[in-house]
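Residue numbers (the working numbering): 2 to 267.
Okay, structure coming up:
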């Protein structure tokens, strides 16, 4: 007879007892399963029933300290990426529930929108299995520096989490962001011209300034001219080159200077 708490969880490793193998498998273990287990043999000889104890063992169920194993691919904004998470432990039994979550700092966990998840079970041996899940999605700017978590829940309310990482997204894909130029928009001859070029990207972009087709400054977000003259009225271009995809975009900035009146620069 099988005790109520073990129904559906206990089976013989070798169903045919004539093979003299009485090993059992207990699935979905919990700490309440700890204790002494005895093998008792019962028989019927000449109409008389008999039984005797062959052996016993003490089973101690420990907490699960392993965390999910994760594999991460490089993340580039707008390009599909697949992450994988393998549940800890390789016991047979009920498959765990694997959930993918993400959150910003100070916010609650939420499901990743527009994702595709696939679960996989692999039989390693007759009594061990591997359970994994893959998450496929297109990362966006809102995923940058958020926390992505793989949560594995087992039967019996045992839950393990693995915080994957704080994604550092490469912000440039085929849709590179447009640089922005900041600075004074009215300039007089004799004034100083101070411009700054900014672009939202990760990893940081390389900034290059050109004036009328001639490169003037490489790698500096700031462009300055002290004591401008009318000859400095030129076509100024800020080019941002992303280190990942080597894509560029330009912002054209025209400045006209006059000794007699304030002119617009933009």
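In this text, a Cβ means the ideal position worked out from N, Cα and C, and glycines have one as well. Quick caveat, the model's predicted, so the values are computed rather than measured.
- DSSP places residue 102 in the uninterrupted beta strand (DSSP E) bounded by 98 to 104.
- In terms of CA proximity to residue 233, 212 leads the group 50, 99, 212, 27.
- In this structure, DSSP gives residue 15 a state outside helix and strand, which the three-state scheme calls coil.
- Bounds of the beta strand (DSSP E) holding residue 84 are 82 to 87.
- Counting only unbroken stretches of 4 or more residues, no alpha helix (DSSP H) element lies wholly within the region 203 to 235.
- Note on geometry: alpha-carbon atoms of residue 185 and residue 199 lie some 15 Å from one another.
- C-alpha of residue 235 to C-alpha of residue 243: approximately 26 Å in a straight line.
- Beta-carbon to beta-carbon, residue 84 and residue 136 are separated by about 5 Å, close enough to satisfy the 8 Å threshold.
- The C-beta of residue 14 has fewer than 16 other C-beta atoms within 10 Å across all chains shown, which makes the residue exposed.
- If you check the CB distance, residue 132 and residue 122 come in under 7 Å.
- Going by C-alpha positions, residue 141 is about 48 Å away from residue 35.
- Counting along the chain, residue 66 sits inside no beta strand (DSSP E), nor does DSSP assign it H or E at all.
- Residue pairing by DSSP puts residue 46 in a beta bridge opposite 49.
- For residue 221, the closest C-alpha among the options 209, 231, 230 is that of 209.
- Residue 36 carries a strand assignment under DSSP once its states are collapsed to helix, strand and coil.
- Residue 196: member of the beta strand (DSSP E) spanning 194 to 199, first to last residue.
- Leaving aside the five residues that flank residue 120 on each side, the residues in its chain whose CB is nearer than 6 Å to its CB run, in chain order, 134.
- CA-to-CA, the gap between residue 5 and residue 47 works out to about 32 Å.
- Taking residue 109 as reference, the option from 150, 128, 116, 69 with the minimal CA-CA separation is 150.
- Around the beta carbon of residue 238, 16 or more other beta carbons lie within 10 angstroms, which makes this residue buried.
- Around the beta carbon of residue 62, fewer than 16 other beta carbons sit within 10 angstroms, so the residue counts as exposed.
- For the 7 Å CB-CB criterion, residue 25 and residue 10 do not form a contact.
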